[in-house]
Amino acid sequence: MLPEGIKPIIVENNGKRVTYLNEFGIPVLYTENNKNNYWHKGVNELEDIKAVIQAFNIQDEDMVIKITGRYNPISNAFFRQVQTEESKYDGFVKFFNVCTKEFMTHDCVLGLFALRAKYLKQYEMTDTVRSPEAQFATFCRGLNVKEVQQLDVRCIFADNLEVLIC
Numbered sequence: 013m014l015p016e017g018i019k020p021i022i023v024e025n026n027g028k029r030v031t032y033l034n035e036f037g038i039p040v041l042y043t044e045n046n047k048n049n050y051w052h053k054g055v056n057e058l059e060d061i062k063a064v065i066q067a068f069n070i071q072d073e074d075m076v077i078k079i080t081g082r083y084n085p086i087s088n089a090f091f092r093q094v095q096t097e098e099s100k101y102d103g104f105v106k107f108f109n110v111c112t113k114e115f116m117t118h119d120c121v122l123g124l125f126a127l128r129a130k131y132l133k134q135y136e137m138t139d140t141v142r143s144p145e146a147q148f149a150t151f152c153r154g155l156n157v158k159e160v161q162q163l164d165v166r167c168i169f170a171d172n173l174e175v176l177i178c
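For the sequence shown, the numbering used here begins at 13 and goes up steadily by one.
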């Protein structure tokens with residue numbers, strides 16, 4: 013499903029060990045970040061992204077696409093959009109609240125987005141009052157980010173197993 017030219021890297025944050033992920037034939041980075049007791053799992057995910065950037069020597073201007081394991085693409089439209097328009101933007105974000113299922117200026121979908129590595133390296137999630145989605149949306153609003161209308165992903169929520177197509 014990934015268009016040619018996109019290099020996938022899997023991150024598993026439950027420690028280094030042999031898993032079925034090694035059978036996919038693509039690079040896997042194992043981290044210990046899931047052991048960290050942060051105020052939100054989004055902080056662990058951000059640490060994983062930063063670990064990938066460092067471990068694979070991803071350059072500042074490279075576009076990093078992050079997709080969460082509970083998000084399943086139903087088409088490659090988002091990936092193609094990033095490929096075809098990445099020279100015009102520093103990122104691609106859907107500003108949308110997945111709980112209310114409404115567009116929100118200062119909320120976004122963290123399960124699938126793209127952002128240049130230099131901004132991911134700069135970004136810190138320190139506000140324990142606002143949600144990680146709200147913090148990231150506010151951060152991205154200060155960048156040259158394309159507002160994505162449709163991600164074409166199936167989202168499966170961990171707490172209630174609800175499915176959302178967005």
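Where is the CB? At the ideal position from N, CA and C, for every residue including glycine.
- The DSSP assignment places complete alpha helix (DSSP H) segments of no fewer than 4 residues inside the region 118 to 165 at 129 to 134 and 144 to 153, in order along the chain.
- For Phe91, no beta strand (DSSP E) segment is defined; the enclosing uninterrupted segment is the alpha helix (DSSP H) at Ala89 to Glu97.
- By the CB criterion at 9 Å, Ile18 and Phe36 fall outside the cutoff.
- Take the alpha-carbon of Ala63 and the one of Thr112: they are about 32 Å apart.
- Using a 10 angstroms sphere on the CB of Leu58, the tally of other CB atoms reaches 16 or more, which defines it as buried.
- Contact annotation, Glu73 with Lys130: C-beta distance approximately 7 Å; criterion of less than 8 Å satisfied.
- Taking a C-beta distance under 9 Å as the contact criterion, Met13 and Ser99 do not qualify as a contact pair.
- Between Gly154 and Leu127 a beta carbon distance of about 12 Å is seen, past the 8 Å cut, so the two are scored as non-contacting.
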